[in-house]
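Engineer: First, the structure itself, so that you have it in front of you.
There are 2 protein chains.
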Amino acid sequence: MPPSASHASKPILIGIIGLGTVGTGVARVLTEHPERLARRAGRRLELRRAVVRDLGKPRGIELPPGTVTDQVSAVIDDPEIDIAVHLVGGIHPAREILLDLLKGGKDVVTANKALLCECGEELFTTARDLGRTIAFEAAVAGGIPIIATVAQSLAANQITSISAILNGTSNYILTQMARENWDYAQALHQAQQLGFAEADPTLDVDGSDAAQKLILLTWLAFGVRAQLADVHRQGIDRLDLSDLRFAGELGYTIKLLAVARLVNQQIELHVQPTLVRRQTPLAQIHGPFNAIGLVGDVVGETWYSGPGAGQMPTASAVVADLIDTVAGRTRINFERLELWRSPAPFSLQPREKIESRFYLRFQVLDRPHVLADIADILGRNQISIASVIQHEPPESLTGSSSANTVPLIIMTHRTTEGQLREAERELARLNAITPPHVRMPVAG
Amino acid sequence: MPPSASHASKPILIGIIGLGTVGTGVARVLTEHPERLARRAGRRLELRRAVVRDLGKPRGIELPPGTVTDQVSAVIDDPEIDIAVHLVGGIHPAREILLDLLKGGKDVVTANKALLCECGEELFTTARDLGRTIAFEAAVAGGIPIIATVAQSLAANQITSISAILNGTSNYILTQMARENWDYAQALHQAQQLGFAEADPTLDVDGSDAAQKLILLTWLAFGVRAQLADVHRQGIDRLDLSDLRFAGELGYTIKLLAVARLVNQQIELHVQPTLVRRQTPLAQIHGPFNAIGLVGDVVGETWYSGPGAGQMPTASAVVADLIDTVAGRTRINFERLELWRSPAPFSLQPREKIESRFYLRFQVLDRPHVLADIADILGRNQISIASVIQHEPPESLTGSSSANTVPLIIMTHRTTEGQLREAERELARLNAITPPHVRMPVAG
Chain A
206 MPPSASHASK PILIGIIGLG TVGTGVARVL TEHPERLARR AGRRLELRRA VVRDLGKPRG
266 IELPPGTVTD QVSAVIDDPE IDIAVHLVGG IHPAREILLD LLKGGKDVVT ANKALLCECG
326 EELFTTARDL GRTIAFEAAV AGGIPIIATV AQSLAANQIT SISAILNGTS NYILTQMARE
386 NWDYAQALHQ AQQLGFAEAD PTLDVDGSDA AQKLILLTWL AFGVRAQLAD VHRQGIDRLD
446 LSDLRFAGEL GYTIKLLAVA RLVNQQIELH VQPTLVRRQT PLAQIHGPFN AIGLVGDVVG
506 ETWYSGPGAG QMPTASAVVA DLIDTVAGRT RINFERLELW RSPAPFSLQP REKIESRFYL
566 RFQVLDRPHV LADIADILGR NQISIASVIQ HEPPESLTGS SSANTVPLII MTHRTTEGQL
626 REAERELARL NAITPPHVRM PVAG
Chain B
206 MPPSASHASK PILIGIIGLG TVGTGVARVL TEHPERLARR AGRRLELRRA VVRDLGKPRG
266 IELPPGTVTD QVSAVIDDPE IDIAVHLVGG IHPAREILLD LLKGGKDVVT ANKALLCECG
326 EELFTTARDL GRTIAFEAAV AGGIPIIATV AQSLAANQIT SISAILNGTS NYILTQMARE
386 NWDYAQALHQ AQQLGFAEAD PTLDVDGSDA AQKLILLTWL AFGVRAQLAD VHRQGIDRLD
446 LSDLRFAGEL GYTIKLLAVA RLVNQQIELH VQPTLVRRQT PLAQIHGPFN AIGLVGDVVG
506 ETWYSGPGAG QMPTASAVVA DLIDTVAGRT RINFERLELW RSPAPFSLQP REKIESRFYL
566 RFQVLDRPHV LADIADILGR NQISIASVIQ HEPPESLTGS SSANTVPLII MTHRTTEGQL
626 REAERELARL NAITPPHVRM PVAG
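Residue numbers (the working numbering), protein chains in the order written: chain A, 206 to 649; chain B, 206 to 649.
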C-alpha cells in the first residue's frame, strides 16, 4: 500500500515528557512539518500532550490549548497515546517515569544516555517483556545517526574499533585553547558565556559524558555491558596549555578521545585527552562538533561527523526515532540489537594490558645526566623512546642555579599501561624529577 | 520473540547473479559469518546459487558443489530462493535479468547505479506492483551507508544540500597530482597500474559515474528524478596541473565535487572539478575515498566518509541490504522512499541561474592594459573580482617579444553561470587572450 493512502487513517498520538530545549525542538518539528513526517512514517504524528514541571515558564512555542500539562499521568494513563518522547534528565525520577510509560503501553524514545548507561538492562528487558520498544538515537552524538549505523547499516561487520569525539563542550574548549593560546580556565569561561558549557561543566569536562556514550556504543557494537568504573577515564579539566604546545611541535593536536577497540578478543575501553596526528580526520573536528571513526572487519574504516548536541540536531534524532517507531523499524531493530547477547562475547581488557604509544612530560632539574637516568629506567622497562623535546631554558635562567626545572617531553613507542606504570614507580624515586608528571596516550 | 529462537527456522535462500569482485566478496561474508548474519537478520542466510558467465574462471572462493552455475534461470526459476543479489553491470541484459528476478518473486539487492539511474522508474514501479523490493545501498558510495542515512536516519529533515566526492578513481588521481606534482596522464597511468583506475577509465574521470550516483541521491533526498543530461557535468580528464598549483597558492585544493542543492525551491545539480578550501572536510579526503556532506533543515550539517568502492566495502553494503530485506526493514523503507513523489516537489534549476564563485584562468599576452580590459568586461557584467594572481613571466622571457603569454588567474565573487557566460562571450573577442580559458566553481 502506498504510504499516501494511509495518511487518512487515525494519527499516531505522541506525548512528550519534558519540554526543555530538546523537547521544544521536537514539538517544533512535529507541528511545523506534519506532511513530511506523515509521508515518511506512513501515518500522521500528532502531539497530544507535553508534560512540563512548571506550567508558568515560557517555552518559545505555541501549542494547542490543553496540550501542555504538569501531570506525567496525562501521558502514562492516556490509552490513546502510542509513543512517549522521554526527555527527563538524570536517573530519578527519569527511571521510574520510563518504566511507568512502558507499563502504560507506550513505545519510548529517549535521549537520556546517563539513564540507559546506569539502568539500561532493567529498562530494555522491561520493554522487551512488555512487548514495547525503546529507541535512543539521540542519546549518542546528537544529530549524527551513529546508533542506526552501528546497529543496522554495518550489520555485515564485526566492529573492531570505535574512536570518537563524543563531548562537544570539551572539544570546543580544546579548540579554543589551541587556537587562541588560552589556558583551560579561560577557554572554559568563554565556553560558558557562549552557552557551549554549563554553569557546572563537571560531567562534560571530566570525561563522564563521553564515557557514558562510549558505554552505549560498546554495548551495541560488541555486545559488552561495561560500567562507568570500567572505563579508564580522564578529563580535559587538568590539561595544561603547554602540553597542547608541545604536542603541536610534534605534529599533533590533543582531543578528548573515547576509544573502544577489540584486541585479542578483549575490549580496550578508555576516554582520555589523546594526542592525534594533525593530518587525520579527528584532528580536523573543531568547536562543538562530534565525530566517530568506526572500523568494521568487512567495510574497513568509515567516518561520521556533525553536531553532537543542541536543540535541533538532537530533535532530528528524536524525530527519526519517532518515525522509525511508527513505521515499524524500531521493533525490528530493537529485537536484534547486540544488547541481548548473553554471555557477552568479549571480556574487558585489564587496564594494565592496554597498549599505546605515550606522550610523557616531566619537569626535571636542569642538570647533567637527568635524561640518561630517565632513559635508563624506561629502557630497563622495555619502553623505547620515539622522540624527545628538551628546549634550552629561558635565557634569563641560563647559568643560574641548578634548582631550576625545565620540561622534558618524551614520546614512546608502543608499550603497555602496565609497563609504563612500572617505570613510573621507578621514575618517582628520581629526585631530579618534580612530580607530578603528565602522560597521555597517542592515537594510532 | 528473541532472534536466537528463530535461527532454527528454515534459512533464507539467496542467489547471487555475478560472481566478480563484489559478488565473491558477498559470497565470502555469507559463508564466513553465518552466525553473525543470522543473529542480525533473525534467520539464517544461505547461499543457494551463484550465477557466472564463465564456469571455468577461477573465483578465489570455495563454494559447495552445485552452487555455481552459468544459468540465470537457476535463480529466477527456483521458487525456494527468496532474495537475489544482482551484480550484473551495464544496462542490457542487467535490466532484463532484474525484471525477471522480480517476476520470479525475488526481492532484489543491486549495486548497479547506472541501471537504476537509467531504468529506475520502470524497475522500482515493477517491484512495487509485484509486491517486491529493491535495495541499493551499494549503488552509491560503497561502504558508506548514505542511502540509509538519507532515506531513514535524516527522515525528520528536508535535505537542503548534498556536496560529495563520489568517484574514488578521480579523487585518487587528483590526490596524486597534488601530492606528487604529476600531470593528469602520469597520475592516471599510476592509478591504472595500482588498480585504482580501469583500463578504460572514461566513465570515472569524465564525471559520469559521480553524476549517476548524484542522480540517485537527488531522487531520494529531493524526490526529483533527473536525467544524466540534466547534470551540468565536467570531468577531471582535462584538468591542468597548473590549476592545482594556482588553487594551492590561493589556499584551495581541487576536488571532483558532486553537488545537489535546494535553492529557491529549485535543485541545482552539477559535477565539476571544484576549488575547495584547504581547511574544510572535503579537502581532507585523500586517495580512493568518498565523502558526503549533507545539510538538513533540522539537523544542520553532517558528514560521512569511507571507502567508496572495492570488494569488501561494497560487499558490506550488499550484505546490510540482505539483512534489512530478511528482517523486514527494506519493505518498510522501500514503500516510503521519496522515489514515489509525483509530481516532483521541486524543479531543476536552469544551468544559467546556478550561483557560485568562480576560478578563471586566462592565458594572456604580457602587455599593458590586458588586465584592465578583462576587469572592465567582468565589471560591466556585474561580476566582481575577489582576488588576482599574475606572476612575472619566467626570467628568460622578460623583455622579450610581446607575443609571450602568461597565465592570469581571477577569483570572482558570487555570480551566476549566465552572467559569466555573457562575460565570456565578450572576453572571447579580446585578442590579448589566447583561448581556451579555464573556469571552475569554488565551493561554499
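We treat Cβ as the ideally placed atom computed from N, Cα and C, and that holds for glycine.
Just to confirm the assignment, what range does the beta strand (DSSP E) spanning residue 501 of chain B have?
Structural biologist: For the purposes of this step, residue 501 of chain B is taken as the residue at position 296 of the second sequence. Residue 501 of chain B -> beta strand (DSSP E) spans 494-501.
Engineer: With DSSP as the reference, label residue 605 of chain B as helix, strand or coil.
Structural biologist: Your numbering for residue 605 of chain B matches position 400 in the second sequence. Here residue 605 of chain B scores only 48 on pLDDT, less than 50, and its place in the model is too uncertain to base an answer on.
Engineer: With which residues is residue 614 of chain A paired in a DSSP beta bridge?
Structural biologist: Your numbering for residue 614 of chain A matches position 409 in the first sequence. A:566, A:594, per the DSSP bridge assignment.
Engineer: Measuring straight from C-alpha to C-alpha, what distance separates residue 550 of chain A and residue 492 of chain A?
Structural biologist: The sequence position of residue 550 of chain A within the first sequence is 345, counting from 1. The sequence position of residue 492 of chain A within the first sequence is 287, counting from 1. Cα-Cα distance, rounded: 37 Å.
Engineer: When you compare only the Cα positions, how much space is there between residue 701 of chain B and residue 422 of chain B?
Structural biologist: In the structure as shown, chain B begins at 206 and stops at 649. Residue 701 of chain B is therefore absent and cannot be evaluated.
Engineer: When you compare the CB positions of residue 306 of chain B and residue 281 of chain B, do they come within less than 7 Å of one another, or not?
Structural biologist: Mapped onto the second sequence, residue 306 of chain B falls at position 101. Mapped onto the second sequence, residue 281 of chain B falls at position 76. A contact, by the Cβ cut-off of 7 Å.
Engineer: Pull up the distance between the alpha-carbon of residue 606 of chain B and that of residue 379 of chain B, whole angstroms please.
Structural biologist: Here residue 606 of chain B is taken as the residue at index 401 of the second sequence, counted from 1. Here residue 379 of chain B is taken as the residue at index 174 of the second sequence, counted from 1. Annotation note: pLDDT 49 at residue 606 of chain B (below 50); position unreliable, no value reported.
Engineer: Could you tell me which whole alpha helix (DSSP H) segments of length 4 or greater appear in the stretch 418-457 of chain B?
Structural biologist: Those alpha helix (DSSP H) runs which fall completely within the stretch 418-457 of chain B and span 4+ residues are 446-454.
Engineer: Considering just the uninterrupted stretch of the beta strand (DSSP E) at residue 365 of chain A, what are its terminal residues?
Structural biologist: Counting from 1 along the first sequence, the entry for residue 365 of chain A is found at position 160. Residues 364-370.
Engineer: Can you name the residues that DSSP bridges to residue 312 of chain B?
Structural biologist: For the purposes of this step, residue 312 of chain B is taken as residue 107 along the second sequence, with counting starting at 1. Beta-bridge pairing links residue 312 of chain B to B:288.
Engineer: Exposed or buried, what is residue 469 of chain A when buried is set at 16 or more other beta-carbons lying within 10 Å of its beta-carbon?
Structural biologist: Within the first sequence, numbered from 1, the residue matching residue 469 of chain A stands at position 264. Counting Cβ neighbours within 10 Å, residue 469 of chain A comes out exposed, since fewer than 16 surround it.
Engineer: Examine the Cβ distances between the stretch 471-487 of chain B and the stretch 295-313 of chain B and report whether three or more of them are shorter than 8 Å.
Structural biologist: At 8 Å Cβ cutoff, the stretches do not touch.
Engineer: Looking at residue 412 of chain A: is its Cβ nearer than 7 Å to the Cβ of residue 430 of chain A?
Structural biologist: To locate residue 412 of chain A, count along the first sequence from 1; it is residue 207. To locate residue 430 of chain A, count along the first sequence from 1; it is residue 225. No, these two residues do not count as a Cβ contact at 7 Å.
Engineer: Judging by CA-CA distance, which residue of A:534, A:220, A:369 is the nearest neighbour of residue 507 of chain A?
Structural biologist: Taking the first residue of the first sequence as position 1, residue 507 of chain A is located at position 302. Checked all of A:534, A:220, A:369; the closest Cα to residue 507 of chain A is A:369.
Engineer: Does any residue of chain A bring its CB to less than 7 Å from the CB of residue 370 of chain B?
Structural biologist: Along the second sequence, read from residue 1 onward, the residue named residue 370 of chain B stands at position 165. Closer than 7 Å: no.
Engineer: Name the chain B residues whose beta carbon is nearer than 8 Å to that of residue 415 of chain A?
Structural biologist: Looking up residue 415 of chain A in the first sequence gives position 210. What residue 415 of chain A touches in chain B: nothing, since even the nearest Cβ is about 19 Å away.
Engineer: Give a yes or no on whether the C-beta atoms belonging to residue 317 of chain B and residue 299 of chain B are separated by under 7 Å.
Structural biologist: Looking up residue 317 of chain B in the second sequence gives position 112. Looking up residue 299 of chain B in the second sequence gives position 94. Yes, Cβ-Cβ distance for residue 317 of chain B and residue 299 of chain B is below 7 Å.
Engineer: Compare the C-beta of residue 398 of chain A against all C-beta atoms of chain B and say whether one is closer than 7 Å.
Structural biologist: By 1-based counting over the first sequence, the position of residue 398 of chain A is 193. Output row for residue 398 of chain A: interface = no.
Engineer: So which residues of chain B does residue 375 of chain A contact, with C-beta pairs closer than 8 Å?
Structural biologist: Here residue 375 of chain A corresponds to residue number 170 of the first sequence, with the count starting at 1. Near residue 375 of chain A there are no residues of chain B at all, since even the closest Cβ is about 20 Å away, more than 8 Å.
Engineer: List the endpoints of the continuous beta strand (DSSP E) containing residue 480 of chain B.
Structural biologist: In the second sequence, counting from the first residue as 1, residue 480 of chain B sits at position 275. Run containing residue 480 of chain B: 471-482, per the beta strand (DSSP E) assignment.
Engineer: Would residue 618 of chain A and residue 589 of chain A be called neighbours here (beta carbons separated by less than 7 Å)?
Structural biologist: Sequence index remark: in the first sequence, residue 618 of chain A carries index 413 (1-based). Sequence index remark: in the first sequence, residue 589 of chain A carries index 384 (1-based). Yes, these two residues count as a Cβ contact at 7 Å.
Engineer: Quick check: what's the CA-CA separation for residue 646 of chain A versus residue 512 of chain B?
Structural biologist: By 1-based counting over the first sequence, the position of residue 646 of chain A is 441. By 1-based counting over the second sequence, the position of residue 512 of chain B is 307. Cα to Cα, residue 646 of chain A sits roughly 27 Å from residue 512 of chain B.
Engineer: Chain B partners of residue 247 of chain A, CB-CB under 9 Å?
Structural biologist: Numbered from 1 along the first sequence, position 42 holds the residue referred to as residue 247 of chain A. Ordered by position in chain B, the residues that pass the 9 Å Cβ test against residue 247 of chain A are 537, 540, 541.
Engineer: Between residue 255 of chain B and residue 232 of chain B, which are expected to be in contact by the criterion C-beta below 8 Å, what is the C-beta distance as a whole number of angstroms?
Structural biologist: By one-based count along the second sequence, residue 255 of chain B stands at place 50. By one-based count along the second sequence, residue 232 of chain B stands at place 27. About 6 Å separates the two Cβ atoms, so the contact holds.
Engineer: Answer with buried or exposed for residue 466 of chain B, where buried requires no fewer than 16 other C-beta atoms within 10 angstroms of its C-beta.
Structural biologist: In the second sequence, counting from the first residue as 1, residue 466 of chain B sits at position 261. Residue 466 of chain B is buried by the Cβ-count criterion.
Engineer: Once DSSP output is grouped into helix, strand and coil, what is the label at residue 642 of chain B?
Structural biologist: Numbered from 1 along the second sequence, position 437 holds the residue referred to as residue 642 of chain B. Strand, per DSSP.
Engineer: Hey, residue 250 of chain A and residue 217 of chain A: beta-carbon distance below 7 Å or not?
Structural biologist: Locating residue 250 of chain A in the first sequence gives position 45, counting from the first residue. Locating residue 217 of chain A in the first sequence gives position 12, counting from the first residue. Against a cut-off of 7 Å, the Cβ pair of residue 217 of chain A and residue 250 of chain A comes out as a contact.
Engineer: Answer with yes or no whether the minimum CB distance from residue 607 of chain B to chain A is below 7 Å.
Structural biologist: For the purposes of this step, residue 607 of chain B is identified with residue 402 of the second sequence, where counting begins at 1. Summary for residue 607 of chain B: the model assigns pLDDT 48, below 50, so the residue's position carries little reliability; its value from the coordinates is reported in the next sentence. So, not an interface residue.
Engineer: In three-state DSSP terms, what is residue 506 of chain B?
Structural biologist: Here residue 506 of chain B refers to the residue found at position 301 of the second sequence. Looking at residue 506 of chain B - three-state DSSP - the assignment turns out to be strand.
Engineer: Based on the DSSP secondary-structure assignment, which residues constitute the bridge partners of residue 273 of chain B?
Structural biologist: For the purposes of this step, residue 273 of chain B is taken as the residue at position 68 of the second sequence. Partner(s): B:255.
Engineer: Does any residue of chain B bring its CB to less than 7 Å from the CB of residue 383 of chain A?
Structural biologist: In the first sequence, counting from the first residue as 1, residue 383 of chain A sits at position 178. It does not; no Cβ of chain B falls within 7 Å.
Engineer: For residue 312 of chain A, which of A:323, A:336, A:294 has the nearest alpha-carbon?
Structural biologist: Residue 312 of chain A sits at position 107 when you count from the first residue of the first sequence. Residue 312 of chain A has its Cα closest to that of A:336, out of A:323, A:336, A:294.
Engineer: Would you be able to state if there are at least three C-beta pairs under 8 Å between the stretch 395-415 of chain A and the stretch 516-528 of chain A?
Structural biologist: No, the stretch 516-528 of chain A is not in contact with the stretch 395-415 of chain A.
Engineer: Could you please give the first and the last residue of the uninterrupted beta strand (DSSP E) stretch that includes residue 218 of chain A?
Structural biologist: Mapped onto the first sequence, residue 218 of chain A falls at position 13. 217-222 is the span of the beta strand (DSSP E), which, as asked, contains residue 218 of chain A.
Engineer: Around the C-beta of residue 308 of chain A, are 16 or more other C-beta atoms found within 10 angstroms, so that it is buried, or is it exposed?
Structural biologist: Taking the first residue of the first sequence as 1, we reach residue 308 of chain A at position 103. The residue in question, residue 308 of chain A, is exposed, as its Cβ has fewer than 16 Cβ neighbours within 10 Å.
Engineer: Apart from the five residues just before and just after residue 616 of chain B, which ones in its own chain have a Cβ nearer than 6 Å to its Cβ?
Structural biologist: Against the second sequence, residue 616 of chain B aligns to sequence position 411. Around residue 616 of chain B: 564, 591, 592.
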